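If you read the sequence shown in UniProt numbering, its first letter stands for residue 1, the second for the next number, and so on.
We treat Cβ as the ideally placed atom computed from N, Cα and C, and that holds for glycine.
Only a predicted model underlies this, so the values are computations on that prediction, with no experimental measurement involved.
Below is one structure, written out as structure tokens; comments come after it.
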Amino acid sequence: MIVPYRLSSERLSSNMADPLDSALDLLRRLNPKDVKKNVDYLCQLAPSLTEELLESVDIPLAVKRCTKTGRDFLCCDYNRDGDSWRSPWSNEFEPPLDDGDGVVPSDRIRKMEVKANEAFDVYRELYFEGGISSVYLWDMDDGFAGCVLLKKSVSPSPKSSGSWDSIHVFDAQDRARTAHYKLTSTVILSLGTDADNLGTMDLSGNMVRQVEQDMAVEDDGSHVANIGKMIEDMELKMRNLLQEVYFGKAKDVVGDLRSIPPLSETNRDKATHREMISSMAR
Numbered sequence: 001m002i003v004p005y006r007l008s009s010e011r012l013s014s015n016m017a018d019p020l021d022s023a024l025d026l027l028r029r030l031n032p033k034d035v036k037k038n039v040d041y042l043c044q045l046a047p048s049l050t051e052e053l054l055e056s057v058d059i060p061l062a063v064k065r066c067t068k069t070g071r072d073f074l075c076c077d078y079n080r081d082g083d084s085w086r087s088p089w090s091n092e093f094e095p096p097l098d099d100g101d102g103v104v105p106s107d108r109i110r111k112m113e114v115k116a117n118e119a120f121d122v123y124r125e126l127y128f129e130g131g132i133s134s135v136y137l138w139d140m141d142d143g144f145a146g147c148v149l150l151k152k153s154v155s156p157s158p159k160s161s162g163s164w165d166s167i168h169v170f171d172a173q174d175r176a177r178t179a180h181y182k183l184t185s186t187v188i189l190s191l192g193t194d195a196d197n198l199g200t201m202d203l204s205g206n207m208v209r210q211v212e213q214d215m216a217v218e219d220d221g222s223h224v225a226n227i228g229k230m231i232e233d234m235e236l237k238m239r240n241l242l243q244e245v246y247f248g249k250a251k252d253v254v255g256d257l258r259s260i261p262p263l264s265e266t267n268r269d270k271a272t273h274r275e276m277i278s279s280m281a282r
């Protein structure tokens, strides 16, 4: 278990060359389960770093309700304007901005955004059997960019919980009959239990992967299909890595620390195994 040490302004100012690097270095040494709380502390200690921290650090996605459609949507830095967030369902900010204005995509990009939200709503139901999804797109000079957000939280019992947050940020550069896509995917996973027979366990962390690919494009609908395929493949690879590498390693460590059979029986099996290997070698 990672034991977090006290946050202080002296620690942030210890590296005067780059306070942002100091803050990020501090976050890497704290429990990833508390990353949102720790980012809030850092923003209070160093308000000048707020924007850079929110852009650099991925935190579990927050959920808000669209008052116009009654549907939930996910909040991130890409649909934020001050203390308001744009709903992908109504294209309006919640709560409304004081000046009544905000950055919204062009008509062409908005139509693609609507199609992408419909497509990933089906994807979410098929793969996660619940949860919330949101897609946000915005204009760029040579194409467009966007992010796909997926969140699923479960609480099987009062003493156990788990959450999956995936953040896929991409940009698409239009070319002749093709488009160049660059995708950066982040998965934030948190699992915890406090059962009487098992004790307290906390398994939390995040994973980041990147990929670039050129794909054929016929119309705007092709962009939605291409991005969907890339994200589907990326999530499949990341789920396999989490299951086989990270969970497998944790299982091996726990298996070495705790043995269900008696220690004498385990040692006898190991000795028999070594004897068989030696006999085969001879």
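Query: With H, G and I counted as helix, E and B as strand and the rest as coil, what does DSSP make of residue 124?; Result: helix
Query: With DSSP as the reference, please indicate the residues paired to residue 247 in a beta bridge.; Result: The partner list for residue 247 (beta bridge, DSSP) is empty, contrary to what the question assumes.
Query: Helix, strand or coil for residue 265 per DSSP?; Result: helix
Query: Can you tell me whether DSSP reads residue 35 as helix, strand or coil?; Result: helix
Query: For residue 156, does the three-state DSSP call read helix, strand or coil?; Result: strand
Query: Here's the rule I'm using: 16 or more other beta-carbon atoms within 10 Å means buried, otherwise exposed. How should residue 240 be labelled?; Result: exposed
Query: With distances taken Cα to Cα, identify the nearest neighbour of residue 109 among 125, 142 and 83.; Result: 142
Query: Going residue by residue through the segment 177-221, where are the continuous beta strand (DSSP E) segments of at least 3 residues, counting only ones entirely within it?; Result: 178-195 and 199-216
Query: Can you say whether residue 130 is buried or exposed, counting buried as having 16 or more other CB atoms within 10 angstroms of its CB?; Result: exposed
Query: Between 86, 165, 42 and 214, which has its C-alpha nearest residue 204's C-alpha?; Result: 165
Query: Does the structure place the segment 51-63 close enough to the segment 71-82 that three or more beta carbon pairs sit under 8 Å?; Result: yes
Query: Between residue 116 and residue 159, which are expected to be in contact by the criterion C-beta below 8 Å, what is the C-beta distance as a whole number of angstroms?; Result: That pair is no contact at about 38 Å.
Query: List, from N- to C-terminal side, the alpha helix (DSSP H) runs of 4 residues or more that fit wholly inside the segment 65-99.; Result: none
Query: Excluding five sequence neighbours on each side, which residues of the same chain lie with their C-beta closer than 7 Å to the C-beta of residue 124?; Result: 131, 133 and 150
Query: Compute the Euclidean distance between the alpha carbons of residue 12 and residue 41, then round it to the nearest angstrom.; Result: Caution is warranted here: a pLDDT of 47 is assigned to residue 12, below 50, making its placement in the model unreliable, and no coordinate value can be reported.
Query: Using a 10 Å radius around the Cβ and a threshold of 16 neighbouring Cβ atoms, would you call residue 217 buried or exposed?; Result: buried
Query: If I follow the unbroken beta strand (DSSP E) through residue 106, where does it start and stop?; Result: First-last for residue 106: undefined, no H or E at that position.
Query: Of all the options 255, 81 and 113, which has the alpha carbon lying nearest to the alpha carbon of residue 102?; Result: 81
Query: Roughly how many angstroms separate the alpha carbons of residue 236 and residue 127, rounded to a whole number?; Result: 10 Å
Query: Is residue 5 buried or exposed, if buried means 16 or more other CB atoms sit within 10 Å of its CB?; Result: Unreliable placement is indicated for residue 5, whose pLDDT of 40 sits below 50; the coordinate value is still reported in the next sentence. Looking at its Cβ environment, which holds fewer than 16 other Cβ atoms inside 10 Å, residue 5 is exposed.
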